[in-house]
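Heads up, the thing below is written out as structure tokens.
Numbering (my numbering), first residue to last: 403 to 898.
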């Protein structure tokens, strides 16, 4: 059953280009202000889904209008995707072949099936080949010429070959899913006995000859399986190599990369993640991410996904690097946030990590510009990623104190106190109370010795809250306090 906000979610998932395409498609009838087009515009303008104003505008027929709009959007997206999708083209050719067959235009039907099979073989889509095979056998039986027996035998043999390939591919998919389950159930790591048991369980996977000719998706999933096995057993170097092999496969299959760009990007992100687990491999991170970003996304959705995924991982890399240049990256991120219609949750996460990056490099005024973006987004998304809004308030307090404007510090303290007063109890709230109290005491302190005592006590109090308060804020607070005690910059402390 379709939820009340499914239409809202669908509309919000569309890129600007796709929304423009739908609007033009909806206007083809000549009725520029059709009800469902008006409904589309009203819902698109909403920040959060609210059905009450829709009922007021569209009355008792709102349910019917929403259903028609939902189907119209999907129909328009099918048309939009069909111009670029090989798989959609295969389905269209099969539909054409059926129409021509029913009209006894057998030669034309055969041509369409042959074109569909050529595309399916290029993509190594064996399920599609099997469907085409059935259509070709039906066509062969209908025509029944001299070569009937020979053609049918060839098609039956082809069917057996592709069934075997499909079976092998699904075995690898099944193995992959078992590995995912085992990883989720063993997040705390494995002892030697458990590693031995898993080695026996996945012995067939490890012994498979990956140099033999296998379909693309079977080879790709095979290397992914091995990567996940090495992740499960804690072999980070082998995990990296397996993901690297999976990513490199795409170079020989350009049509597959275009058709399944999101899967290519998934392999790229897995490789980036694996590189961060190894001190030697992480040195390759800038080169790896540059290679992934150099592969052009085939459509606006792919471009947006590329921006989101690579930005988040590059920021993680920069936050853990001491000497990486990030000026041009921040400019690219700002431009990307303006260009792409990404979710508020992702936008908040990116803005917070940029704020942290600037703070850790003593760029306090620039840091406040990015925390201001989070504060602005809070008006639209106060109930989305509350943890980020909490972290943002703490970061603003620490940053304002570094800048040393007494009035700005006082204002930040008051705003934070009001904000946290409304929040339920949590580790982050306890941390904020400590920070607010510490800054008040520092403002009122009489001398350097007293300031040092306040800072040392606050450091101990924060440590007693325990680690993992969220977003690494406990480490940031510790760096901030240590920089005040030593009268040193945060960046200089990190380099030490």
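The C-beta atom is built at its ideal place from N, Cα and C for all residues, glycine as well.
Counting along the chain, residue 617 sits inside no alpha helix (DSSP H), nor does DSSP assign it H or E at all.
Below 8 Å, too few C-beta pairs join the segment 595 to 610 and the segment 642 to 658 to call them touching: fewer than three. Measuring C-alpha to C-alpha distances from residue 690 to each of 669, 620, 663, 703 identifies 669 as the nearest. The continuous alpha helix (DSSP H) containing residue 650 extends over residues 638 to 651. Taking all protein chains shown into account, residue 535 has 16 or more neighbouring C-beta atoms within 10 Å of its C-beta and is therefore buried. Secondary structure of residue 827 (DSSP, three-state): coil. Boundaries of the alpha helix (DSSP H) harbouring residue 457: 453 to 460, taken from the DSSP string. Boundaries of the alpha helix (DSSP H) around residue 713: 702 to 721. Here residue 682 carries a coil assignment [DSSP, helix/strand/coil].
Straight-line measurement puts the Cα of residue 867 at about 20 Å from the Cα of residue 821. Under the 10 Å beta carbon count, residue 601 is surrounded by fewer than 16 other beta carbons and is classified as exposed. With fewer than three CB-CB distances shorter than 8 Å, the segment 549 to 568 does not count as touching the segment 585 to 601.
Contact check between the segment 833 to 852 and the segment 782 to 801: three or more CB pairs, one atom from each, fall below 8 Å, which counts as touching. At a Cβ-Cβ threshold of 8 Å, residue 415 and residue 428 do not count as neighbours. In this structure, residue 720 sits away from residue 709, with a CB-CB distance that is not shorter than 8 Å. Residue ranges of uninterrupted beta strand (DSSP E) with 3 or more members are absent from the segment 765 to 827; none lies entirely inside it. Per DSSP, reduced to three states, the secondary structure at residue 668 is helical. Boundaries of the alpha helix (DSSP H) harbouring residue 656: 656 to 661, taken from the DSSP string. Contact between residue 420 and residue 702 holds, with the beta-carbon distance rounding to 7 Å and staying under 8 Å.
For residue 741, the enclosing alpha helix (DSSP H) has its first and last residue at 729 to 741. Looking from the CA of residue 567, the closest CA among 619, 516, 578 belongs to 619. Here DSSP, grouped into helix, strand and coil, assigns residue 584 to helix. Scanning its chain for C-beta atoms nearer than 8 Å, with the 5 sequence neighbours on each side dropped, one finds around residue 533 the residues 496, in chain order. The three-state reading of DSSP puts residue 744 in coil, since its state is none of H, G, I, E or B.
Within its own chain, the residues whose Cβ lies closer than 7 Å to the Cβ of residue 626, once the five positions on either side in sequence are excluded, are 578, 648, listed in chain order. For residue 407, same chain residues with a beta-carbon under 7 Å away, outside a window of 5 residues either side, are 451 in chain order. When the beta-carbon positions are compared, residue 687 and residue 667 stay at least 8 Å from each other. One Cα belongs to residue 874, the other to residue 537, and the distance between them is close to 59 Å. Scanning its chain for C-beta atoms nearer than 6 Å, with the 5 sequence neighbours on each side dropped, one finds around residue 630 the residues 581, in chain order. If you look at residue 535, you'll find it in the alpha helix (DSSP H) that goes 528 to 545.
Setting aside the 5 residues that flank it on each side, residue 763 is surrounded in the same chain by 893, each with a C-beta closer than 7 Å to its C-beta; the list follows chain order. Secondary structure note for residue 495: its alpha helix (DSSP H) is the uninterrupted segment 488 to 504. Judged by beta-carbon spacing, residue 523 lies beyond the 8 Å limit of residue 574, meaning their Cβ atoms are not closer than that value. Following the DSSP letters along the chain, one finds residue 514 inside the alpha helix (DSSP H) bounded by residues 508 to 525. Counting the other Cβ atoms within 10 Å of the Cβ of residue 646 gives 16 or more, which makes it buried.
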